[in-house]
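*Asks:* The structure under discussion is supplied below as structure tokens; questions concerning it will follow.
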Amino acid sequence: MRRLIILMLLLAPLTGWGEIYRWTDASGRVHFGEQPGPGGEAIEVKPQVIERDAATRQSQERLQKVLDARKQEQTAAAQKQAGITAKRNEECAKLRQTLENLGHGGLYFSDDANGERTFYSDQQVEVARSKVASQFAAKCQ
């Protein structure tokens, strides 16, 4: 069954492959068909190839260069925008995490130059939390 399906798929394009015949009848009317007209003579006709002149080729090459340059600019702009968006998302995630950490309560400290811990008061924690909240609101919403 599987082989039959594959065979049918391979033969499907051949059904559209055929020849088209053109002939003129006794009254001078031109006919087209898949079978030659009565008493017709077969002549192979090759498709006409339209040669482009140099000016047309140059014009198309210039147009292609412009299109390629525009596509490169759009790609570069999209990459730049993606980088900006990724950086902003990363900053927002850090700010969100800091806000969550500051909202849990507890003791907060920092290490000074001598390696000793300096603990923050509740007021200092609240000031830091409001500062981070305003940064988050400005950048992330």
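With the UniProt record's numbering applied, the sequence shown closes on residue 141, and no number is skipped along the way.
Don't be surprised by glycine CBs; every beta carbon is placed ideally from N, CA and C.
Note that this is a predicted model, so its numbers are computed, not measured.
Take the Cβ of Leu102 as the centre, count every other Cβ of all protein chains shown within 10 Å, and call the residue buried at 16 or more, exposed below.
*Replies:* The residue labelled residue 102 in the question sits at position 102 within the sequence shown. Leu102 is buried by the Cβ-count criterion.
*Asks:* Closest to Ala54 by C-alpha separation, out of Tyr108, Arg62, Gly83, would be which residue?
*Replies:* Within the sequence shown, the letter at position 54 stands for residue 54. The residue with the shortest Cα to Cα distance from Ala54 is Arg62.
*Asks:* Can you give, in chain order, each stretch of the alpha helix (DSSP H) that sits fully within the region 41-119 and has at least 4 residues?
*Replies:* 54-103
*Asks:* Just confirm the distance between the C-beta atoms of Leu95 and Val127, as a whole number of angstroms; I'd bet it's less than 8 angstroms.
*Replies:* Within the sequence shown, residue 95 is the residue found at index 95, counting from 1. Within the sequence shown, residue 127 is the residue found at index 127, counting from 1. Their Cβ separation, rounded to whole angstroms, is 16 angstroms, which puts Leu95 and Val127 out of contact at 8 angstroms.
*Asks:* Taking only the alpha-carbon atoms, compute the straight-line gap between Thr24 and His31 and give it to the nearest angstrom.
*Replies:* Start at 1 with the first residue of the sequence shown, and residue 24 comes out as number 24. Start at 1 with the first residue of the sequence shown, and residue 31 comes out as number 31. Approximately 6 angstroms between the Cα atoms of the pair.
*Asks:* Express the C-alpha separation of Val49 and Pro36 in angstroms, rounding to a whole number.
*Replies:* The count along the sequence shown starts at 1 and reaches residue 36 at position 36. The count along the sequence shown starts at 1 and reaches residue 49 at position 49. Taking C-alpha positions only, Pro36 is separated from Val49 by approximately 25 angstroms.
*Asks:* Does DSSP put Arg22 in a helix, a strand or coil?
*Replies:* Here residue 22 corresponds to residue number 22 of the sequence shown, with the count starting at 1. Residue state, collapsed to three classes: strand.
*Asks:* Hey, how far is the Cα of Cys92 from the Cα of Ala82?
*Replies:* One-based indexing of the sequence shown puts residue 92 at position 92. One-based indexing of the sequence shown puts residue 82 at position 82. Cα to Cα, the separation comes out at about 15 angstroms.
*Asks:* Tell me the rounded alpha-carbon separation between Val66 and Lys139.
*Replies:* To locate residue 66, count along the sequence shown from 1; it is residue 66. To locate residue 139, count along the sequence shown from 1; it is residue 139. Whole-angstrom Cα-Cα distance: 37 angstroms.
*Asks:* With a cut-off of 8 angstroms on the beta carbons, I'd call Gly33 and Tyr21 a contact; round off their distance for me.
*Replies:* The residue you call residue 33 lines up with position 33 of the sequence shown. The residue you call residue 21 lines up with position 21 of the sequence shown. Indeed, because the Cβ distance is near 6 angstroms, the residues count as touching under 8 angstroms.
*Asks:* Out of Leu107, Ala86, Asn114, which one is the CA nearest neighbour of Gln123?
*Replies:* In the sequence shown, the residue the question calls residue 123 occupies position 123. If we check each option's Cα against that of Gln123, Leu107 comes out closest.
*Asks:* Looking at the strands, I want to know which residues DSSP matches up with Phe136.
*Replies:* Within the sequence shown, residue 136 is the residue found at index 136, counting from 1. Looking at the DSSP assignment, Phe136 forms no beta bridge with any residue, so it has no partner.
*Asks:* Alpha carbon to alpha carbon, how far is Ala76 from Thr85?
*Replies:* Residue mapping note: residue 76 aligns to position 76 of the sequence shown, counting from 1. Residue mapping note: residue 85 aligns to position 85 of the sequence shown, counting from 1. If I take the Cα positions, the gap works out to 14 angstroms.
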